[in-house]
Amino acid sequence: MTSPLLSSVGSLAPGLCLLLALFLLAAGGPLQHANRYLAGFLLVLAVDMAGWAADLLPAPLREILIFRLPLCFLEAPLLYVYASKLCFPTRRARPHVAAALATVAFSAISLLPRAGAWWSGAAPALDSLSSREVDLVVNAAALHVQHYVYLALMIHLLWTYRRAYRAAYSNPDGITFAWLATVVGVSLLSHIFALLKSLAWISDHAATYYALERIIAVIAALVICALTLAALLRQHLFLGVTIDASGADDSAAPALAAEREKTFAEQAPALNEAALAKLKAYMERERPFLDPGLTIRSLARRMGMGQRELSQLVNRQLGVHFFDFVNRHRVETAAALLADPAHRDTTILDIAHRSGFNTKSSFNAAFAKHLGVTPTALRVRAAAATVPA
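The working numbering puts the first residue of the sequence shown at 1120, with every later residue one more than the last.
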């Protein structure tokens, strides 16, 4: 018998999922392709959670609830493709979607005998603790394996995205990374409880099983409510998070990129020294690093260089990412301001902004990385050095 808590979540949460999915499908903007996969994930999740309100559903709908399990094989791939499209819009999604659909079909076929027996009353309900036959155990195990594989893929995706962004931008994109990191964290937490629930199901610990199911229902309700609030209060997450993966390999035309790299390599080292001197002189003269939104593309355009040539110059000749190259200049500027008695009353946050940093946390991290001290410690040290003996 379904508990009142599960019935409530199973009645309300699918409705919210449906509304969010319709919002994502109707929303335009640069993220509409990624949003379609998130909408698909929410629709599948709605069907899955509707099982908690099975007692409230009409008999024809209850009879097809057994196929909720095969549909669950779509959840992790759709969420991964959403994250992939958000980070790298040009990446292909079809292989993951096709593999997921094939898995759904295989799972549904494996459950057909059980569905027939259930419809005739010869088998217990799918969610019953007494249902621990091989077909259900294998499907549940495969579902858990798939979820954790895709969680690992999402973590690798975020690492790749962060690395590509650091190579092309002077300030990290906190919005996209933080949003997807939150999604991964919540997914991991949910699946840990789901795995524990499955273990309780297999080992026939009824009290633990039902307690974990209620915990999962509460987590699901909180997550759906949080998504609803995000759609209302932070619509930029779904309508237009700035995504530009031009610094990553995914967006470059392979033939053109290879030709440019070959040309650049043939002309090196004759051009390297001149280009490096030009870059250093430009950074000292024009101080473009004071722009918090500086990217390798905009700097290359200002200098009249190709983006890839500038990237190779920074990465190979200087041995650093563009992110670290620009921040080194910013840190040097900030250090000079902190040591200047004329800026004694200027706040550290103001100095961070004047130096080209857009957040105090990124300023402190870059300062510690390049100088090995905090801005406050450097200011105190500089003040002590100016005090006459």
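Note that the Cβ used here is the ideal one computed from N, Cα and C, for glycine as well.
All figures in this text were calculated on a predicted structure; none of them were measured in a lab.
Just mark residue i as buried or exposed, buried being the case when its beta carbon has 16 or more other beta carbons within 10 Å.
{"i": "residue 1268", "result": "exposed"}
{"i": "residue 1211", "result": "exposed"}
{"i": "residue 1185", "result": "buried"}
{"i": "residue 1405", "result": "exposed"}
{"i": "residue 1533", "result": "Past the boundaries of the shown model lies residue 1533; the chain is included only from 1120 to 1508, so the question cannot be answered."}
{"i": "residue 1368", "result": "With a pLDDT of only 43 at residue 1368, under the threshold of 50, the placement of this residue in the model should not be trusted, and no figure is reported."}
{"i": "residue 1335", "result": "buried"}
{"i": "residue 1403", "result": "exposed"}
{"i": "residue 1488", "result": "exposed"}
{"i": "residue 1148", "result": "exposed"}
Taking the Cβ atom as the reference point for each residue, do residue i and residue j lie within a distance shorter than 9 Å?
{"i": "residue 1494", "j": "residue 1483", "result": "yes"}
{"i": "residue 1172", "j": "residue 1128", "result": "yes"}
{"i": "residue 1308", "j": "residue 1161", "result": "no"}
{"i": "residue 1475", "j": "residue 1445", "result": "yes"}
{"i": "residue 1490", "j": "residue 1458", "result": "no"}
{"i": "residue 1255", "j": "residue 1331", "result": "no"}
{"i": "residue 1168", "j": "residue 1339", "result": "yes"}
{"i": "residue 1206", "j": "residue 1295", "result": "yes"}
{"i": "residue 1143", "j": "residue 1158", "result": "yes"}
{"i": "residue 1504", "j": "residue 1449", "result": "no"}
Is residue i helix, strand or coil when you go by DSSP?
{"i": "residue 1279", "result": "helix"}
{"i": "residue 1209", "result": "coil"}
{"i": "residue 1222", "result": "helix"}
{"i": "residue 1495", "result": "helix"}
{"i": "residue 1295", "result": "helix"}
{"i": "residue 1466", "result": "coil"}
{"i": "residue 1414", "result": "strand"}
{"i": "residue 1312", "result": "helix"}
{"i": "residue 1439", "result": "coil"}
{"i": "residue 1254", "result": "helix"}
{"i": "residue 1482", "result": "helix"}
Roughly how many angstroms lie between the CA atoms of residue i and residue j, to the nearest whole one?
{"i": "residue 1353", "j": "residue 1138", "result": "16 Å"}
{"i": "residue 1392", "j": "residue 1479", "result": "35 Å"}
{"i": "residue 1190", "j": "residue 1271", "result": "21 Å"}
{"i": "residue 1500", "j": "residue 1276", "result": "42 Å"}
{"i": "residue 1257", "j": "residue 1220", "result": "18 Å"}
{"i": "residue 1259", "j": "residue 1196", "result": "16 Å"}
{"i": "residue 1502", "j": "residue 1481", "result": "24 Å"}
{"i": "residue 1201", "j": "residue 1435", "result": "33 Å"}
{"i": "residue 1467", "j": "residue 1461", "result": "14 Å"}
{"i": "residue 1370", "j": "residue 1342", "result": "Residue placement at residue 1370 cannot be trusted, given a pLDDT of 42 that sits under 50; the coordinates are not used to answer."}
{"i": "residue 1204", "j": "residue 1412", "result": "23 Å"}
{"i": "residue 1304", "j": "residue 1266", "result": "13 Å"}
{"i": "residue 1135", "j": "residue 1252", "result": "34 Å"}
{"i": "residue 1125", "j": "residue 1333", "result": "7 Å"}
{"i": "residue 1456", "j": "residue 1496", "result": "14 Å"}
{"i": "residue 1421", "j": "residue 1410", "result": "13 Å"}
{"i": "residue 1329", "j": "residue 1164", "result": "20 Å"}
{"i": "residue 1278", "j": "residue 1319", "result": "34 Å"}
**Asked** Which full runs of the alpha helix (DSSP H) of 4+ residues lie inside the stretch 1129-1217, going along the chain?
**Response** 1151-1169, 1178-1181, 1187-1190 and 1194-1206
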